[in-house]
Amino acid sequence: MPSVAEDAALAVIDMQEDFCPPDGALAVSGGRDIAPVINQLLALPFKLKFATQDYHPKDHCSFASQHPGKEPFTSTHTIRNPEAVGDEAEEQTTILWPDHCIQGTRGCELIPELDTSSLQCIIKKGGDRRVEAYSAFGPPFREPAVGMSDLPNLLKASQIKRVFVCGLAFDYCVKCTAIDAADAGYETFLVEDASKAVDQGEGAIAANKGEMEQHGVKFIRSNAIIKTT
Ligand code: VGL
Ligand code: ZN
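Residue 1 is where the sequence shown starts when you use the UniProt record's numbering, and the numbers rise one by one after that.
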């Protein structure tokens, strides 16, 4: 492997209070425990290091509270591309959540265990109340694109070829970021021991890995990166 200093970015996804025990609104089991592993990765000389923050307005469409009669974690909703013209529009069906990561609240803050001192930037996502935005690249709608983040420009400007993704949650924001990075042509690695899933069942983990593999995402452990750096 070439050195991560040459061509690699480290993406630290959504290490926020609301995704962590003990009292996060959408706490991912073991979410806080991966901070030390991520800090070890942040100590490596990646060419680019950035974090993301789920950053919702209080009436975000992904909140079950915005949909009378619907329940967090079990109900779904379908979103049409709000910028589409004509009858045909991309659609995304996704799960509804408890209110979480509301701008300006404690739940939205990055956890203090994360060493943020070497981060070059923090990308905020999920700010458009009309659309869900799991990926650090932006909402899933591309025809036309709705609210893409600065990430594509940042990766190009930094001449990145490889993207290493870690953080929360494995099966949502980490997965969607990894798939978008791979689809954008970056050699993409998910750092398995530096990520935790909402659904930690064996079957769910395997299905999500399979989906990512279809897009060319590779899986790696933090030791393998540290050893070769
Ligand atoms: C996430 C659910 C809702 C995540 C964000 O960061 O994976 N999951 N919003
Ligand atoms: Zn969210």
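Here a beta-carbon is modelled for each residue, glycine too, at the ideal position from N, C-alpha and C. Predicted, not measured: the structure shown is a model, and the values here were computed from it.
At a cut-off of 7 Å, would you count residue 77 as near ligand 2, judging by its Cβ distance to the nearest heavy atom?
Here residue 77 refers to the residue found at position 77 when the sequence shown is read from its first residue. False, no ligand heavy atom lies under 7 Å from that Cβ.
Taking 7 Å as the cut-off, does the CB of residue 99 come closer than this to any heavy atom belonging to ligand 2?
What you label residue 99 is simply residue 99 of the sequence shown in a count that begins at 1. Answer for residue 99: no, Cβ out of range of ligand 2.
Take the Cβ of residue 219 as the centre, count every other Cβ of all protein chains shown within 10 Å, and call the residue buried at 16 or more, exposed below.
The residue given as residue 219 occupies position 219 in the sequence shown. Under this definition residue 219 is an exposed residue.
Let me confirm a value: residue 122 is counted as buried when at least 16 other C-beta atoms fall within 10 Å, else exposed. Which label applies?
Residue 122 sits at position 122 when you count from the first residue of the sequence shown. Residue 122 should be labelled exposed.
CB-CB under 6 Å to residue 173, same chain, minus the five flanking residues each way: which ones, in chain order?
Indexing the sequence shown from 1 puts residue 173 at position 173. Excluding positions up to five away in sequence, the list reads 13, 14 and 134.
Between residue 238 and ligand 2, is there a pair consisting of the residue's CB and a ligand heavy atom that are separated by less than 7 Å?
Beyond the ends of the chain as shown, which are 1 and 229, falls residue 238; an answer cannot be given.
Specify whether the stretch 75-87 and the stretch 40-54 touch according to this definition: at least 3 beta carbon pairs, one from each stretch, less than 8 Å apart.
With a cut-off of 8 Å, the stretch 40-54 and the stretch 75-87 do not count as touching, because too few Cβ pairs lie within range.
So, are the CB atoms of residue 177 and residue 216 less than 8 Å apart?
Against the sequence shown, residue 177 aligns to sequence position 177. Against the sequence shown, residue 216 aligns to sequence position 216. Contact flag unset, no.
Using the C-alpha atoms, what's the distance from residue 55 back to residue 102?
Translated into positions along the sequence shown, residue 102 becomes position 102. Translated into positions along the sequence shown, residue 55 becomes position 55. Whole-angstrom Cα-Cα distance: 6 Å.
Please list, in chain order, all residues of the same chain as residue 141 whose beta carbon is under 6 Å from its beta carbon, the five residues on each side excluded.
The count along the sequence shown starts at 1 and reaches residue 141 at position 141. Cβ neighbours of residue 141 beyond the five flanking positions: 81 and 90.
For residue 30, collect the residues of the same chain with a Cβ closer than 6 Å to its Cβ; drop the 5 residues on either side in sequence, then sort them by chain order.
As a working note, residue 30 is residue 30 in the sequence shown. Same-chain partners within the cutoff: 196.
Closer than 7 Å: is that where the CB of residue 128 sits relative to any heavy atom of ligand 2?
Translated into positions along the sequence shown, residue 128 becomes position 128. No - ligand 2 has no heavy atom lying nearer than 7 Å to the Cβ of residue 128.
Tell me the DSSP bridge mates of residue 23?
For the purposes of this step, residue 23 is taken as residue 23 along the sequence shown, with counting starting at 1. According to DSSP, which records beta bridges pairwise, residue 23 is partnered with nothing at all.
Counting only the same chain and skipping the five closest in sequence on each side, list residues whose C-beta sits under 8 Å from that of residue 53.
As a working mapping, residue 53 is identified with position 53 in the sequence shown. Cβ within range, chain order: 14, 16, 101, 108, 110, 122, 123, 124 and 125.
Is any heavy atom in ligand 2 found nearer than 7 Å to the beta carbon of residue 56?
Here residue 56 refers to the residue found at position 56 of the sequence shown. Yes - ligand 2 has a heavy atom lying nearer than 7 Å to the Cβ of residue 56.
Taking Cβ to Cβ, would you say residue 164 is nearer than 8 Å to residue 191?
For the purposes of this step, residue 164 is taken as residue 164 along the sequence shown, with counting starting at 1. For the purposes of this step, residue 191 is taken as residue 191 along the sequence shown, with counting starting at 1. Yes; because the gap between Cβ atoms is below 8 Å, this pair is in contact.
Where do the ends of the alpha helix (DSSP H) carrying residue 227 lie?
Indexing the sequence shown from 1 puts residue 227 at position 227. Note, residue 227: alpha helix (DSSP H), 222-227.
Assign residue 75 to buried or exposed, taking buried as 16 or more other Cβ atoms, counted over all protein chains shown, within 10 Å of its Cβ.
Sequence index remark: in the sequence shown, residue 75 carries index 75 (1-based). Exposed, since its Cβ has fewer than 16 Cβ neighbours within 10 Å.
What whole-angstrom Cβ distance do residue 58 and residue 118 have, given they're in contact under 8 Å?
Residue mapping note: residue 58 aligns to position 58 of the sequence shown, counting from 1. Residue mapping note: residue 118 aligns to position 118 of the sequence shown, counting from 1. With 8 Å as the limit, residue 58 and residue 118 do not qualify as a contact, their Cβ atoms being about 32 Å apart.
Grouping DSSP H, G and I as helix and E and B as strand, with all else coil, what is residue 40?
Sequence index remark: in the sequence shown, residue 40 carries index 40 (1-based). Reduced to three states, the DSSP call for residue 40 is helix.
Candidates 19, 24, 139 and 227: which alpha carbon is nearest residue 179's?
Within the sequence shown, numbered from 1, the residue matching residue 179 stands at position 179. Nearest C-alpha to residue 179: 139.
How about residue 193: is its Cβ closer than 7 Å to a heavy atom in ligand 1?
The count along the sequence shown starts at 1 and reaches residue 193 at position 193. No; taking the cut-off as 7 Å, the Cβ of residue 193 has no heavy atom of ligand 1 nearer than that.
Quick check on residue 195 - is its C-beta less than 8 Å from some C-beta in chain D?
No chain D is part of this structure, which consists of one protein chain only.
Just the Cα atoms here: how many angstroms apart are residue 3 and residue 64?
By 1-based counting over the sequence shown, the position of residue 3 is 3. By 1-based counting over the sequence shown, the position of residue 64 is 64. Near 44 Å, if we compare the C-alpha coordinates of residue 64 and residue 3.
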